[in-house]
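Before any comments, here is the structure.
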Amino acid sequence: MNYKANITVVSLVALLVVVCGGAQAAPVQPKVIQLAAADVSDANIFNRNLKKPKAYNLPPAEDGIHDAGNDATHTLQKPLEAYQGLPTTEFGNRIDWVQSIDKGLLKPRWDRVDPNEEPFVMDLDIVRPVKASVPDVVFPHRQHTEWLFCSNCHPAIFIPQKGANQISMSAILLGQKCGVCHGKVSFPIATNTCKKCHSKPKPADWTPPLSEASVKNPWK
Ligand code: HEC
Ligand code: HEC
Ligand code: HEC
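For the sequence shown, the residue numbers in the numbering used here are -3 to 216.
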C-alpha cells in the first residue's frame, strides 16, 4: 500500500472541505475597533504636567488623594469652603496663592510648635536668558521663600549659583527642576501660565543664536 498517496488523498479532501465550507459561510466583516477618548486619555498618565486635570478642589473624600475609608478624612474642611474670598486665577486650582499672601489673606505658620516663628524671605530675582525667542525666565526668590525654606530647593534641586543649573522645558515637563513643584503643588505649565515664568521681554537688539554650521554655511 502506498502510504504517501494515502496522505495526499486525505489532505485533498480536507482542503476541499475547507474551501467549500469557506465559500458557503457569510462574508467575514472586518472588525472595527472604536477607541473612545476615555480609553487613551491616560496615555501620558506618568506625566502629570501633560495630563489634563479632570476636576479640582473636590472634597477630600473624592479627590483621589485622601483615603475615603478613613473617618478622619471626612472631618477635613472642604477646599471650596476654605478658599472663600481668596483671589482667583484661570489655572491650577484656580487660587492665586502669591496674591493671597501679598494681600495678607493668608499667613502660613512656619513652625509646628512656635506660632510666632517668622519666614526668612529673600527678595532676589534670577534672570535666566533663554536661547529660544520666548521671553527670558525670571525666577523670583521672594514669592518662593514666602512658602518654602532655602533647603526645599538648595542644593537637592538647584545648586545655589546663577547659571549653574541646566534647565529646559523638557526637564520641567518630566517633573524635574521647576517641574518638581510646578504642576503639582504650585501653578501648572499651561498655555496661560507661560508668561508667569517667561516674564522678561527679550532685549530690543536680540537675534536668535546661530549654530556654527549655519555661520560657516558650506553651500554658499
Ligand atoms: C523654589 C526653589 C528655591 C528656593 C526655595 C530658594 N532658591 Fe535660591 N535659587 C533657586 C534657583 C532656581 C536659582 C538660580 C540657579 C541658576 O540660575 O542656575 C537660585 C539661586 C540662588 C543663589 C545664587 C545667586 C547668584 O547670583 O549666583 C543663592 C545665593 C541662593 N539661591 C540662595 C538662596 C537662599 C538663601 C534661599 C532661602 C532664603 C533660597 N535660595 C531659596 C531656587 C530656589
Ligand atoms: C515654571 C516656570 C515655567 C513655565 C510655566 C514655562 N516655562 Fe518655559 N522655561 C522655563 C525655564 C526655567 C526654562 C529654561 C531657561 C534656561 O535656558 O535656563 C524654559 C525654557 C523654555 C524654552 C527654551 C527651550 C527649552 O526647552 O529650554 C521654551 C521654548 C519655553 N520655555 C517655552 C515655554 C512655553 C511655550 C510655556 C507655556 C506653555 C512655558 N515655557 C512655560 C520655565 C517655565
Ligand atoms: C520647591 C517647589 C518649587 C520649585 C522647585 C519651583 N517653584 Fe516656583 N513656586 C512654588 C510655589 C509654592 C509658588 C507659590 C504658589 C504658586 O504661585 O503656585 C511658586 C511661585 C512661582 C512664581 C510666582 C508667580 C507669581 O504669581 O508671582 C514664579 C514666577 C515661579 N514660581 C517660577 C519658578 C521657576 C522658573 C522655577 C524653576 C527655576 C520654579 N518656580 C521652581 C514652588 C516651586
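All C-beta atoms, glycine included, are put in the ideal place defined by N, C-alpha and C.
Can you tell which of the options has its C-alpha closest to the C-alpha of residue i?
i, options, result
"K220", "S195, T71, E142 and H178", "This structure cannot speak to residue 220, because the chain is shown only from -3 to 216."
"D59", "L120, A51 and K196", "A51"
"A167", "P156, V181, I185 and Q95", "I185"
"V123", "E114, K103 and N161", "N161"
Tell me whether residue i is buried or exposed, calling it buried when 16 or more other Cβ atoms sit within 10 Å of its Cβ.
i, result
"L206", "exposed"
"Q139", "buried"
"K158", "exposed"
"F183", "buried"
"K173", "buried"
"I61", "exposed"
"C193", "buried"
"C149", "buried"
"G88", "buried"
For residue i, list the residues DSSP reports as bridge partners.
i, result
"W121", "Per the sequence presented here, residue 121 reads as Asp, with Trp not at that position. DSSP output for D121 lists P136 as bridge partner(s)."
"K196", "D132"
"T84", "I91"
Residue i by DSSP, collapsed to three states: which one?
i, result
"K173", "helix"
"S96", "helix"
"S182", "strand"
"I29", "coil"
"G18", "Note that G18 scores 44 on pLDDT, short of 50, meaning its location in the model is unreliable; the coordinates nonetheless yield the value given after this. Note: G18 maps to helix in three-state DSSP."
"I91", "strand"
"A39", "Low local confidence applies: a pLDDT of 48 at A39 is under 50, so the model's placement there is unreliable, with the coordinate-based value given in what follows. In this structure, A39 counts as coil in the three-state DSSP scheme."
"T189", "coil"
"H150", "coil"
"P204", "coil"
"A64", "coil"
"V109", "coil"
"I168", "helix"
"A51", "coil"
Compare the C-beta of residue i against all C-beta atoms of chain C and say whether one is closer than 8 Å.
i, result
"P26", "Note that chain C does not occur in the displayed structure, where there is just one protein chain."
I think residue i touches residue j, with their Cβ atoms under 8 Å apart; what is that distance to the nearest whole Å?
i, j, result
"V134", "D119", "Actually they do not touch by this definition, with Cβ atoms about 13 Å apart."
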